[in-house]
Amino acid sequence: QVKFDPANMAKKIELLELSIRKLLGQSASSCSYDELKGIEEQLHRSLQRVRQRKAQLYKEQIEQLQSQESNLLKENAELRAMESGLVKENAKLSVMRDVSLVDHRPRLHGI
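Position one of the sequence shown corresponds to residue 885 (the numbering used here), numbered consecutively onward.
Shown next, in the form of structure tokens:
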């Protein structure tokens, strides 16, 4: 079982708060050279992880957008093909209507 010692917990909290202040540069004046060097290295590693994660998110977003682009280009090609077919069908119907009108035109005798 884990026992919670209030004095021990308070000390841990105090150490964590001090560590946070050091990382934020608020207690830098009380740090030794070695402590500052350690903080700098820790921040450098953290910054590398943040940049790697950011690059990964950019890569994933680019891949997603490229996939969307591919789908939209395919859909656009399909819609253009449908449009072309409809234009041709409309032209055929127009010709058929014109022929039908010519065939049903009243004929005048003697003219």
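Glycine included, C-beta positions come from ideal geometry on N, C-alpha and C.
Boundaries of the alpha helix (DSSP H) in which residue i is found, first to last residue
i: alanine 912; result: Premise fails: alanine 912 is in no alpha helix (DSSP H) and is neither H nor E.
Backbone CA spacing between residue i and residue j [nearest angstrom]
i: glutamate 925; j: lysine 895; result: 25 Å
i: phenylalanine 888; j: lysine 921; result: 34 Å
i: glutamine 932; j: aspartate 918; result: 21 Å
i: lysine 972; j: methionine 980; result: 12 Å
i: arginine 905; j: isoleucine 897; result: 12 Å
i: glutamine 945; j: serine 954; result: 14 Å
As assigned by DSSP and simplified to three states, the class of residue i
i: aspartate 889; result: coil
Own chain partners of residue i with C-beta closer than 6 Å, once the 5 adjacent residues on each side are dropped
i: alanine 939; result: none
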